[in-house]
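In the working numbering, the protein residues as written are 31 to 158.
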C-alpha cells in the first residue's frame with residue numbers, strides 16, 4: 031500500500047504541459063520535454079496526446095513508476111537517501127521493471143524482442 035495518495039495533474043495538450051513550472055529543477059534533464067511523463071514525489075504530470083489508448087498507458091506507467099519508486103526507495107527524504115546509497119540499480123533495470131509492471135506482454139513487444147534477438151542487435155543483455 032502507498033503511504034501517500036498519487037496526485038495526477040493532467041494537461042489538455044503538450045504545449046500546456048511544457049509551460050508548467052511546477053517541480054521544475056534547474057538541470058538539463060529536468061526540463062519538460064515531449065514524450066516524458068514528469069513525476070515529482072507523488073505528483074504525476076501528464077498530457078493528453080489525442081489517443082485514449084496512449085493516455086491509458088501513460089497513466090498506468092506513471093502509477094507503476096510511483097509505486098516502484100516508493101517500494102524501492104521509500105517516501106520520506108531520510109528513507110530515499112538511505113536506500114539510494116544501499117540500492118544502486120541500473121537505469122535500464124528500473125525502466126524495464128516499470129514497463130513490466132505497467133503493461134501486459136503484447137504481440138508488439140514479442141515481435142520487437144524476437145527481431146532483436148534474431149538479428150543479433152542485442153549482443154548484451156542490458157541492450158534488450
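Glycine included, C-beta positions come from ideal geometry on N, C-alpha and C.
Annotation for residue 85: 78, 79 place their beta carbon closer than 7 Å to its own, counting only its chain and skipping 5 residues before and after. For residue 35, the CB contacts under 8 Å within the same chain, skipping 5 residues up- and downstream, are 72 in chain order. The residue from 96, 42, 45, 75 with its alpha-carbon nearest to that of residue 125 is 96.
According to the DSSP assignment, residue 125 belongs to the alpha helix (DSSP H) that extends over 121-132. Restricting attention to 93, 98, 32, the CA atom closest to the CA of residue 121 is found in 98.
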